[in-house]
Amino acid sequence: MQAGIQKLREAMAEAGCETLGEYLCWRHARGLTLKLKNEGLYAHRLMVEDEFDRIWQVQEAAHPVLRSAHEGEPWRQVLHRYVFHQRPLRSPAPMVGHCELEPTLPRSPKAQPVFQEFRILRTLNDLAWSDGSPLTESQRAYVEALLRDPAKLNRDGTISFDRVYRELRARNTMHPDGLALNLDAGPRRHLMGDRTRKTMSGLELLDVWDALDEHAQIQVINLLAEMGSPEVFEDPDWAKNLRTPTGKPRRLRPEAVAFIDRMAAHPRFGRLAAMGFDPGRAAYSVKAMKRMIPLMRQVLKENEAKDRLYPGWRRVRGEERELKDALPPHPA
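Reading the sequence shown from the start, the letters are residues 288 to 619 in our numbering.
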């Protein structure tokens, strides 16, 4: 974003314009778009405040009433407050539903890398050949690699079964009888891969994303999911305005802030779903999924992993039933 601000300043100087309003007028007269973001240009808040000050100076000279006060407060100060005052940004995280396995923790955004891994493992554990035989270790490993590779995925993060079969044949790991996979049935003709990595690749940010540590990645996705409106991040000082639910300044990792600023400078920046990320929230928290993933890598199904780690989860959900030795007698 800072680069976009500097680019705007340079463009204004090149056009011979002293203020933002003058530059917008210059662009309008030449039929250029006024949506500066589309050109990679960003207006700093101080540019708009400078415009306000210059307009006020001119209007005040022509209208002395502007030098008066409203209820003891100068009109200039009143209007400046109405136009520019910003309430601290507070996260709506407390309104997010709680994880059914870790009730004190919020449900994770689906765009989190841990959910992407969790979903891929759940898919792999459900996959088998149509005769019921399981995938071999090499078949499973290669299908997982396909689901994680942005270059192999469609734009929406999916990969067709036909593509999976072609890739397996190319590596001589296809079923010897050429059978189809069990999930290759009905209207669904694809598997869902890692949409987060695919979207980061489309934004040309994958290398930078991969360079972030796990905690920074989690914070980036949480911020994007919690704030909702992308306009929040257009303010160069957005990170300073964030507050916790108790009103205290929110502690952010500098690398997470820098990454979001870089995302915000991209023409495709917007809401998570609009950029291509998975929208919505998972049923579980980041912590719960991180606990289940090692067991799911041992080819335990989702519920089996939950039974081992959270033995009371069925009782909490009301799914536990008393087992009987025989069926009840048929009613007469």
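Cβ coordinates follow ideal geometry from the N, Cα and C atoms, glycine included.
The structure presented is a predicted model; accordingly, all values stated were derived computationally and were not measured.
Secondary structure at His553: coil, using DSSP grouped into helix, strand and coil. Assignment of Ala356 by DSSP, reduced to helix, strand and coil, places it in the strand class. Exclusion of the five residues before and after Arg476 leaves Ser447 and Phe448 as the residues of its chain whose Cβ lies within less than 7 Å of its Cβ. When only Cα atoms are considered, Thr320 and Glu454 end up about 45 Å apart. Annotation for Ser447: the continuous beta strand (DSSP E) segment containing it runs Thr445 to Ser447. In the structure shown, the three-state DSSP call for Arg482 is helix. Secondary structure of Leu539 (DSSP, three-state): coil.
8 Å or more divides the Cβ of Val507 from the Cβ of Ala560. Contact check for Leu478 against Val451 passes: the beta carbons are separated by less than 8 Å.
The alpha-carbon separation between Arg558 and Pro351 amounts to approximately 46 Å. Contact between Asp565 and Ala398 holds, since their C-beta atoms are separated by about 5 Å, short of 8 Å.
Secondary structure note for Phe339: its alpha helix (DSSP H) is the uninterrupted segment Arg332 to Ala349. The straight-line gap separating the alpha-carbon atoms of Pro393 and Cys312 is approximately 47 Å. In the three-state DSSP reduction, His462 falls in the coil class, being neither helix nor strand. In the DSSP assignment, the residues bridged to His477 are Ser447. In the DSSP assignment, Gln504 falls within the alpha helix (DSSP H) that extends over Glu501 to Met514.
The C-beta of Thr533 has fewer than 16 other C-beta atoms within 10 Å across all chains shown, which makes the residue exposed. DSSP, reduced to helix, strand and coil, places Arg453 within a helical segment of the structure shown. One thing to note: Ile407 has its Cβ no nearer than 8 Å to the Cβ of Gly489.
The alpha-carbon of Gly599 is positioned some 9 Å away from that of Lys593.
When DSSP states are grouped into helix, strand and coil, Leu468 belongs to the strand group. In this structure, Asp337 is the residue among Asn325, Asp337 and Gly567 with its C-alpha nearest to the C-alpha of Gly308.
Distances from the alpha-carbon of Lys324 to those of Glu305, Arg549, Lys588 and Gly384 put Arg549 closest. Just measuring C-alpha positions, the residue of Asp471, Val430 and Lys322 sitting nearest Arg456 is Val430. The way I'd put it, the segment 512-523 doesn't touch the segment 454-473; fewer than three beta-carbon pairs between them come closer than 8 Å. Around the CB of Phe371, fewer than 16 other CB atoms lie within 10 Å, so the residue is classed as exposed.
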